[in-house]
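J.: Residue numbers (the numbering used here): 21 to 190.
Okay, handing you the structure first.
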């Protein structure tokens, strides 16, 4: 019963992720594309959570769904013609062809690869990596790399304040 729920949850999240990504590519409104990008990012975070990669799921939500999507939405707010669509160019059929070729190469690679799962009992050094990685990253960010971490936060704050000052009415 639990496996059926996990499989249903995986396929539901996969469909949401792919439909969100497809919507990003197909919509002509930049603001809606940014919102659909957030939907796709949240779907990917859900898939990470399903495979017990909680740290990656949280990072996906914070960095991509939070940071990148807010950046795209700020760019859409600053842009004067958000509702106008991009015009088609002569390169569009070539881009579709290259995309289909890359997709077929990816599908071929996935189908031909020999996928092996990790054994149930891992050697001690490898098992420690799976257990202590998020805590070790947190200790590094708040101990050894505290200054670069704080500088990055101040730079992001300055970027948001700059974007807001550009958008506000004079």
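Cβ coordinates follow ideal geometry from the N, Cα and C atoms, glycine included.
Jot down the residue ranges of each uninterrupted alpha helix (DSSP H) in the region 105-169, minimum 4 residues, whole runs only, in chain order.
T.: Complete alpha helix (DSSP H) runs here, min 4: 112-132, 144-162.
J.: Which of the three DSSP states, helix, strand or coil, is assigned to residue 72?
T.: As a position in the chain shown, residue 72 is number 52, starting the count at 1. The answer is coil: DSSP assigns residue 72 none of H, G, I, E or B.
J.: For residue 50, name the three-state secondary structure that DSSP assigns.
T.: Within the chain shown, residue 50 is the residue found at index 30, counting from 1. In the structure shown, residue 50 sits in a helix (DSSP, three-state: H, G or I).
J.: Quick check on DSSP: helix, strand or coil for residue 97?
T.: On the chain shown, residue 97 is found 77 positions in, with the first residue counted as 1. Three-state DSSP puts residue 97 in a helix.
J.: If residue 54 and residue 92 are in contact, beta carbons under 8 Å, what's the gap, nearest whole angstrom?
T.: Within the chain shown, numbered from 1, the residue matching residue 54 stands at position 34. Within the chain shown, numbered from 1, the residue matching residue 92 stands at position 72. Confirmed, about 4 Å.
J.: Pull up the CB-CB distance for residue 58 and residue 85, whole angstroms please, since I reckon it's below 8 Å.
T.: Here the question's residue 58 lines up with position 38 in the chain shown. Here the question's residue 85 lines up with position 65 in the chain shown. Right, their Cβ atoms sit about 5 Å apart.
J.: Would you call residue 71 buried or exposed, if buried means 16 or more other Cβ atoms sit within 10 Å of its Cβ?
T.: Taking the first residue of the chain shown as 1, we reach residue 71 at position 51. The residue in question, residue 71, is exposed, as its Cβ has fewer than 16 Cβ neighbours within 10 Å.
J.: My guess is that residue 62 and residue 76 are in contact by the Cβ rule of under 8 Å, so how many angstroms apart are they, rounded?
T.: In the chain shown, counting from the first residue as 1, residue 62 sits at position 42. In the chain shown, counting from the first residue as 1, residue 76 sits at position 56. Incorrect: roughly 13 Å between the Cβ atoms, too far for contact.
J.: Please go through the same chain and pick out, in chain order, the residues whose beta-carbon is closer than 7 Å to the beta-carbon of residue 69, but skip the five residues on each side of it.
T.: The sequence position of residue 69 within the chain shown is 49, counting from 1. Closer than 7 Å at Cβ, skipping near neighbours: 77.
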